[in-house]
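Going by my numbering, the first residue of the sequence shown is number 453, and it counts up by one from there.
In what follows, a structure is listed as structure tokens, so that the remarks can point back to it.
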Amino acid sequence: MALDPQAKAFLEMNEAAGAPRTSSMTPEENRLRTAEIGKLAGIPKTVARVENRLIPVEAAQIGIRIYTPQGTGPFPVFVYFHGGGWVIGDLDTVDTVCRNIAHESDCLVVSVDYRLAPEHKFPIAVNDCYAAVEWVARHAATLQGDPEKIAIGGDSAGGNLAAVVAQLAKERQGPALSFQALIYPAVQLGSDTESYRENGEGYFLTADSMNWFFKQYLNGEEEKQNVLASPLLREDLTGLPPTLLITAEYDPLRDEGAMYAQKLREAGVPVEYTCYEGMIHGFFWMGGIMDKGAQAVSQVANSLRSVFMRL
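Okay, here's the thing in structure tokens:
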């Protein structure tokens with residue numbers, strides 16, 4: 453399918469603004485730029501309460517933001533990891549997305565402010581996210597959440613972290629996860645796929661940007677082969693939770709996401725896979741200017757609602 457007109461308009465606006473390449477900026481400059489993209493999510497929907505907390509992780513504390521929906525609990529819980537190449541993004545970037553998921557799914561949403569690279573390199577983000585899920589599982593009842601109904605998810609680098617956390621939860625016999633929602637996840641770092649060759653330039657996320665992110669996040673090239681960085685490389689995917697996996701047609705990460713969906717299916721995991729035609733990487737954050745971004749947020753919320761209604 454041709455590039456969606458709303459995605460095309462965004463790319464043209466970005467080009468007209470003379471946006472510099474990610475790799476030409478410092479991490480801090482990139483973080484400021486990403487804060488502006490977070491404002492494209494549209495009008496936030498109402499929730500009953502929003503609360504910021506600090507929780508303990510290894511040798512530190514990290515922030516979480518808890519979105520409680522209207523109604524009386526206990527509510528199913530959805531733990532969310534934001535995207536941004538392990539370098540950029542924060543709780544504010546995905547605030548509207550998380551509010552809207554909480555509103556539409558009737559889930560308690562917990563957004564995790566894991567520590568970022570290059571200040572905190574691999575595997576610190578993995579450890580923070582796993583520790584956050586453990587903390588949520590232990591404290592769900594005090595948050596009006598149901599400790600027996602916990603799902604995780606994330607977009608891009610956050611999708612990578614969610615996929616890794618799900619694998620670790622199974623491996624370590626940790627929190628029992630009911631579901632995972634992976635939105636255009638990076639699941640094989642440095643992969644050489646057709647979508648990288650077709651979409652590696654000109655569609656917002658570039659191959660050059662991804663290489664810059666890898667250099668900030670990893671301690672060395674060899675870590676691309678570590679399953680905690682590239683969850684697609686893990687051989688045994690049996691026993692992982694039912695999965696919603698979303699990709700975008702004009703995204704370098706499209707093919708590795710599709711490959712992970714197929715590998716999960718072959719392992720017997722129930723998978724719902726959707727490639728949004730005409731869309732670019734990042735559209736999930738842009739529901740205010742791209743209709744399919746809002747549709748994808750609703751798809752995640754509806755999938756959560758459907759999964760938890762069956763439990």
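Note that beta-carbon positions come from the ideal geometry of N, C-alpha and C, so glycine has one too.
What is the DSSP secondary structure of residue i, reduced to helix, strand or coil?
{"i": "V752", "result": "helix"}
{"i": "R649", "result": "helix"}
{"i": "I604", "result": "strand"}
{"i": "P526", "result": "coil"}
{"i": "A493", "result": "helix"}
{"i": "I698", "result": "strand"}
{"i": "T726", "result": "strand"}
{"i": "M738", "result": "coil"}
{"i": "M453", "result": "coil"}
{"i": "I576", "result": "helix"}
{"i": "I732", "result": "strand"}
{"i": "M465", "result": "helix"}
{"i": "G654", "result": "coil"}
{"i": "Q619", "result": "helix"}
{"i": "T474", "result": "helix"}
{"i": "G672", "result": "coil"}
{"i": "V539", "result": "coil"}
{"i": "R686", "result": "coil"}
{"i": "Y636", "result": "coil"}
{"i": "V721", "result": "coil"}
{"i": "T486", "result": "helix"}
{"i": "T545", "result": "coil"}
{"i": "P479", "result": "helix"}
{"i": "A584", "result": "helix"}
{"i": "D644", "result": "coil"}
{"i": "Q714", "result": "helix"}
Please name the residue, chosen from the options, that lies closest to residue i on a Cα-to-Cα basis.
{"i": "A512", "options": "A621, P528, N579 and F631", "result": "N579"}
{"i": "A589", "options": "V531, G515 and F736", "result": "V531"}
{"i": "I741", "options": "E674, I495, L684 and A592", "result": "I495"}
{"i": "A753", "options": "V617, L560, S476 and D544", "result": "L560"}
{"i": "G720", "options": "V749, G734 and D688", "result": "D688"}
{"i": "N651", "options": "A628, M731 and A593", "result": "M731"}
{"i": "Y712", "options": "L696, F527, D703 and Y669", "result": "L696"}
{"i": "P575", "options": "K744, Q458, I516 and N612", "result": "N612"}
{"i": "N787", "options": "Y582, I514 and E510", "result": "Outside the shown range of the chain, which is 453 to 763, sits residue 787, and nothing can be said about it."}
{"i": "P694", "options": "K744, I604 and G470", "result": "I604"}
{"i": "L620", "options": "S755, S682, T699 and A493", "result": "S682"}
{"i": "M453", "options": "G490, S563 and A700", "result": "A700"}
{"i": "K667", "options": "L692, P479, P528 and D644", "result": "P479"}
{"i": "R485", "options": "C581, G541, G691 and T645", "result": "G541"}
{"i": "G490", "options": "P570, G535 and A500", "result": "G535"}
{"i": "D547", "options": "P599, L492 and H572", "result": "L492"}
{"i": "R686", "options": "R483, V616, D598 and K573", "result": "V616"}
{"i": "V529", "options": "A500, N482, A468 and Q596", "result": "Q596"}
{"i": "Y648", "options": "P704, F527 and F533", "result": "P704"}
Going by DSSP, name the residue or residues bridged to residue i.
{"i": "I518", "result": "E503 and V562"}
{"i": "F533", "result": "V564 and G606"}
{"i": "E571", "result": "Looking at the DSSP assignment, E571 forms no beta bridge with any residue, so it has no partner."}
{"i": "F631", "result": "A603"}
{"i": "A512", "result": "V509"}
{"i": "G597", "result": "F527"}
To the nearest whole angstrom, what separates the beta carbons of residue i and residue j, a pair I think is in contact under 8 Å?
{"i": "E586", "j": "G537", "result": "Not really, about 25 Å apart at Cβ, beyond 8 Å."}
{"i": "P521", "j": "D565", "result": "Going by Cβ atoms, the distance from P521 to D565 rounds to 21 Å, so no, they are not a contact pair."}
{"i": "A633", "j": "S755", "result": "7 Å"}
{"i": "E827", "j": "A583", "result": "The structure shown does not extend to residue 827, since the chain is modelled only from 453 through 763, so no value can be given for it."}
Quick check: does the Cβ of residue i come within less than 6 Å of any heavy atom belonging to the ligand COA?
{"i": "I741", "result": "Among the components modelled here there is no ligand, and therefore nothing to report on the ligand COA."}
| task | Flag this pair as touching only if the segment 632-641 and the segment 705-721 have three or more C-beta atom pairs under 8 Å; answer yes or no. | result | Between the segment 632-641 and the segment 705-721, the count of Cβ pairs shorter than 8 Å is three or higher; the stretches touch.
| message | Using 8 Å as the cut-off, can you tell me whether the segment 658-668 makes contact with the segment 461-477, which would need three or more C-beta pairs spanning the two stretches below that distance? | response | Yes, the segment 658-668 touches the segment 461-477.
| query | If we count Cβ pairs, one from each stretch, closer than 8 Å, do we get three or more for the segment 725-739 versus the segment 677-684? | reply | Taking one beta carbon from each stretch, the segment 725-739 and the segment 677-684 have fewer than 3 pairs nearer than 8 Å; the two do not touch.
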